[in-house]
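Residue numbers (the numbering used here): 1062 to 1361. Notes follow the structure.
Structure representation (structure tokens):
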């Protein structure tokens, strides 16, 4: 099915002039060629490039010769000629060959660490293979790029820029070794993200009735786990932060609006004014009316 997507991506060639350059993960990229060959009998005579030329065979078969070494290619093979490689492609005389191809340069900027292993190793290291069947998302990306230029809509430039960056990374990944792609994610980052999601939920829903289970559901955690994690990361129990945020919003509304105290209370999650007044006095040392009159200053 994925190769069928590539077979329909005839507008891939129309990326020329639309996607020209960009930066991908610390590498400057110039996109130099976009091409699409329908399945047919053809030959690309020996030549070389100053950039990376990548082909994905989606139909038929043939041979790919690089610096005198000939490799068999079939539908589902992606193959690369690195800068300076003398190469030629010959389709099968009976079954023909259909390919999509793209060419680009890849130059590290000041922030890139090209000498360290990473996705880029699949292209920059000469000891990495020239052929691969690890297509990953390449067919989907080719089809998505072709679809964008086939029916351009608002945002097309940003969309193809993002898809082009993904195409470069996935292209290099196809030729990279497992050790090139290995990463270790910081478990704390996931925890921080979960807590941040819970904090945003509190801030966005201060006027609503909130239970721990509601907040926990946002992070897809149990109520007990969410409460423990929240207190551990913020140093404040979840419901205690909710009360604090509600009263801080109340203080802001008292100073910035002329809304009646009962209305301020409702906007802060207190259906009745009296509980709000009691909680407000406990936190700020004076009732809401006095707080508003004194401009937020507590006179001792």
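For each residue, glycine too, the CB sits at the ideal point set by N, CA and C.
Exercise. Tell me, please, whether the region 1170-1189 touches the region 1144-1158 by the rule of three or more beta-carbon pairs shorter than 8 angstroms.
Key: No: fewer than three Cβ pairs fall under 8 angstroms.
Exercise. Using beta-carbon positions only, say whether residue 1334 and residue 1326 come within less than 7 angstroms of one another.
Key: yes
Quiz prompt | Among 1220, 1267, 1193, 1259, the one whose alpha carbon lies nearest that of residue 1238 | solution = 1193
Quiz item: Between residue 1234 and residue 1302, what straight-line distance do the alpha-carbon atoms span, to the nearest angstrom?
Solution: 45 angstroms
Quiz item: Buried or exposed: where does residue 1362 fall if 16 or more other Cβ atoms within 10 Å of its Cβ makes it buried?
Solution: Absent from the structure is residue 1362, since the part of the chain shown begins at 1062 and ends at 1361.
Quiz item: How is residue 1108 classed by DSSP in three states: helix, strand or coil?
Solution: strand
Exercise. Examine the Cβ distances between the region 1312-1330 and the region 1280-1295 and report whether three or more of them are shorter than 8 angstroms.
Key: no
Quiz item: Taking contact to mean at least 3 C-beta pairs separated by less than 8 angstroms, is the region 1264-1275 in contact with the region 1202-1217?
Solution: no
Quiz item: Which partner residues of residue 1117 appear in the DSSP bridge assignment?
Solution: 1139, 1161
Practice problem: Compare the beta carbon distance of residue 1100 and residue 1121 with 7 angstroms and say whether it is the shorter of the two. | Solution: yes
Self-check item: Bridge partners - residue 1149, DSSP secondary structure assignment
Solution: 1126
Self-check item: Among 1258, 1355, 1296, the one whose alpha carbon lies nearest that of residue 1278
Solution: 1258
Quiz item: Would DSSP call residue 1186 helix, strand or coil?
Solution: coil
Exercise. Can you grab the Cα-Cα spacing for the pair residue 1087 / residue 1175, in whole Å?
Key: 9 angstroms
Practice problem: Answer yes or no: do residue 1165 and residue 1090 have a C-beta to C-beta separation smaller than 7 angstroms? | Solution: Yes, the Cβ-Cβ distance between residue 1165 and residue 1090 is below 7 angstroms.
Quiz item: Quick one: what does DSSP say residue 1098 is sitting in, helix, strand or coil?
Solution: In the structure shown, residue 1098 falls within a strand segment according to DSSP collapsed to helix, strand and coil.
Quiz item: For residue 1200, does the count of other Cβ atoms within 10 angstroms reach 16, so buried, or fall short, so exposed?
Solution: Counting Cβ neighbours within 10 Å, residue 1200 comes out buried, since at least 16 surround it.
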